[in-house]
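Protein chains in written order, with our numbering: chain D, 2 to 739; chain X, 38 to 136.
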């Protein structure tokens, strides 16, 4: 079934184009009106496609829109085509809905900024690129969006490029992503060589059928599917900030806060999770690849959560929480619970966007500072932000009924109940599930720490800042409230109805079923146990944090910091991973680059390839300058030399390019007749059959006969002279006498 | 006398004329050397004309003489003009074509 899906990415792109070209001429009202309308209309179109057109098209693999044939080469045929099935549809709705809210919020948040139009243009561009990514029907189209969000993240993180730190953060995001993109490309190439197609349905069909190209053992005892999945996961790890490529995300806080919200909630970081879910059939072919995805996800979840314990910047805490929550999502898709992974992506989009926008609102109130050690007691002063944050906080902690509870629970339960790893790797599921429960505990703890330090107790800011604290304007609070509603109740969309014998209550699972397969069947006992456990860890985390930080820093927090100063410092320094990378990757790279610069650039290129040729040309130039002295006599002299040279060349005896040689045994007959111009002139021919300087035959006959004494290879040299002018032409030809 | 001797003489005159044109710095001498080249040409024309028994060579020689007269007139006028503007007829000092 066809639907103009192209409209969905086209609208934000159109908005971006208009704003980039003419934005400076528009007033601020027009700028944000255009941007919000572009993304808002894209949301309406997505909703129309998803709710009215899509249900009828489930059988045929969703809505399909071929814009044009992009390129074709041999077996490779790629259309610029979009496809919306339940999975990409849900993604579209998330991106455009949250995107719209963030656009509206930005109108308030950025109202004092210069470059207003540029900011909104980039926001639109970002959403457009992300929409291409999720709607792309083939890997190359997806890759366009994939690169597009990378570019936009660079542009937006470095939006305040005047400060070096911001510009560097943008570069870091871009370069780290490039490493991942390289993996994505390799995976794409591998998939094409194995399945001869790059279309998502084609790849998934090949994977479901267990195509020979994918399942054959190819390298190091693993099938092609494993390597393709692994390379693609490298790409996903870059985009979705997983170990070891997560380092860019915390630095991405350098951008304006709405950008952080956009990157962390609706776009960019969800791309990796989406891609793994999209190619779920491929991942299911290789339990080892699934195990890697799940384990990396779980490790990232707990690692980033621990780092979150000791961060003192509001947005940094949220950044590590995003990394951690993305780990949950990967653990979900890695254990085969694709629906649960996407479910968590969806709930996370709401509560994380809410949290970030609250962060923006708080920083707005705190005169731009994000240092939580200087906050406290803000609950009374900015009540709406506080209420929204409260809901989102409970959601991310996984308190029952709030959205995060359901999605996190689905992932953890899925990890315990999964069968995708087979016999030899069956330990992965329980390990991942246990680690995730621990990570959930950590999440609950550090988020509660953040909540208590910011909103409870007495304000620790200086008097001047305190005086300015104010609630944000309506265009900021409005989107916040909408997000809070989503964060609070959005989880009901994936209600684990199986618990009550009503599978159909799980709306999201029902929607996604045609794409990612039926929801994992989770035994009743596992479900109940996990629910109880995750509820318990959520409350334990909250109460622990309250004991440490309720109403400000309490004695247990100080005690803990005193008892383990080394560990606390290590966590505060983010386990010094950046320093590690700096030492093992950046520094050697710099060293090599420096060497290349000195040797290759300075010496080989600058000297040998630039200055030496320039000097040679200079020598000739100086020589030629003598002729250009402006002196008529010199000009005449060159003229005379030229005339003499032309005369000589014109009077040279004409000769064929190669003369005719006839070989009979050891005897040769040579005919060195010229091709033209010899009429009426007597030419003299000297034949030297061994090219040894001795003239063997001479005279005015152009032909000669000679008998060699033995076999071998000889060079026949003929000199043709014009006796009238004294000029001559010499020719040589090689003959083999056998 | 064989034609060749005339041609040797003509060649010698032309060579001397060329050397004079290229090497002398006094514009007046250069004009004279050009005259020598022209006359070397005349001599060759006449020599061939006689040896081939064809009068066309004589006619050409007359044309050349007329041309040489015109050339001398124009050349001397240029020399006078040059001397008036630059106070010199040394060719090295009037090397302004490079600018």
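Think of the CB as a built atom: it goes at the ideal place given N, C-alpha and C, for glycine as much as any other residue. All of these numbers come straight from a predicted model, not from anything done at the bench.
Residue-chain proximity (residue i, chain X), Cβ-Cβ < 8 Å
i	result
residue 641 (chain D)	yes
Min CB distance residue i to chain D below 8 Å
i	result
residue 91 (chain X)	no
residue 136 (chain X)	Bear in mind that the predicted position of residue 136 (chain X) carries a pLDDT of just 49, short of 50, making it too unreliable to give a figure here.
For residue i: DSSP bridge partner residues
i	result
residue 85 (chain D)	D:64
residue 706 (chain D)	D:670
residue 200 (chain D)	D:139
residue 220 (chain D)	D:223
residue 738 (chain D)	D:713
residue 728 (chain D)	D:723
residue 664 (chain D)	D:669
residue 194 (chain D)	The partner list for residue 194 (chain D) (beta bridge, DSSP) is empty, contrary to what the question assumes.
residue 77 (chain D)	D:74
residue 688 (chain D)	D:698, D:719
residue 69 (chain D)	D:81
residue 505 (chain D)	Looking at the DSSP assignment, residue 505 (chain D) forms no beta bridge with any residue, so it has no partner.
Option in the options with minimal Cα separation from residue i
i	options	result
residue 703 (chain D)	D:716, D:712, D:684	D:684
residue 341 (chain D)	D:695, D:390, D:46, D:416	D:416
residue 450 (chain D)	D:315, D:60, D:439	D:315
residue 12 (chain D)	D:25, D:127, D:480	D:127
residue 513 (chain D)	D:422, D:279, D:670	D:279
residue 520 (chain D)	D:91, D:655, D:339	D:339
residue 387 (chain D)	D:36, D:515, D:366	D:366
residue 309 (chain D)	D:657, D:300, D:575, D:721	D:575
residue 780 (chain D)	D:480, D:729, D:717, D:23	The structure shown has nothing for residue 780 (chain D), since chain D only spans 2 to 739.
Pairwise C-alpha distance: residue j and residue i
i	j	result
residue 258 (chain D)	residue 411 (chain D)	30 Å
residue 146 (chain D)	residue 140 (chain D)	10 Å
residue 756 (chain D)	residue 598 (chain D)	For residue 756 (chain D) there is no data in the structure shown, the boundaries of chain D being 2 and 739.
residue 170 (chain D)	residue 491 (chain D)	33 Å
residue 136 (chain X)	residue 64 (chain X)	Model confidence at residue 136 (chain X) stands at a pLDDT of 49, short of 50, so the residue's coordinates are unreliable and nothing is read from them.
residue 165 (chain D)	residue 267 (chain D)	27 Å
residue 240 (chain D)	residue 261 (chain D)	14 Å
residue 187 (chain D)	residue 332 (chain D)	23 Å
residue 633 (chain D)	residue 687 (chain D)	44 Å
residue 706 (chain D)	residue 714 (chain D)	17 Å
residue 395 (chain D)	residue 65 (chain D)	39 Å
residue 420 (chain D)	residue 264 (chain D)	33 Å
residue 50 (chain X)	residue 129 (chain X)	25 Å
residue 295 (chain D)	residue 275 (chain D)	15 Å
residue 533 (chain D)	residue 418 (chain D)	16 Å
residue 39 (chain X)	residue 77 (chain X)	17 Å
residue 671 (chain D)	residue 48 (chain X)	40 Å
residue 518 (chain D)	residue 283 (chain D)	13 Å
residue 352 (chain D)	residue 361 (chain D)	14 Å
residue 204 (chain D)	residue 325 (chain D)	30 Å
residue 612 (chain D)	residue 584 (chain D)	36 Å
residue 530 (chain D)	residue 472 (chain D)	42 Å
residue 463 (chain D)	residue 497 (chain D)	48 Å
residue 272 (chain D)	residue 589 (chain D)	31 Å
residue 68 (chain D)	residue 337 (chain D)	33 Å
Interface flag, residue i vs chain A, CB-CB below 8 Å
i	result
residue 81 (chain X)	Absent here is chain A; the protein component of the structure consists of chains D and X.
Proximity test, residue i beta-carbon vs the ligand SAH heavy atom, cut-off 7 Å
i	result
residue 386 (chain D)	For the structure depicted, the ligand SAH is absent and the ligand set is empty, with no information on it obtainable.
Which residues, taken in chain order from the region 45-68 of chain X, show a beta carbon closer than 9 Å to some beta carbon of chain D?
55, 58, 59, 60, 61, 62, 67
If the cut-off is 9 Å on Cβ atoms, which residues from the region 633-667 of chain D count as contacting chain X, listed in chain order?
633, 634, 635, 636, 637, 638, 641
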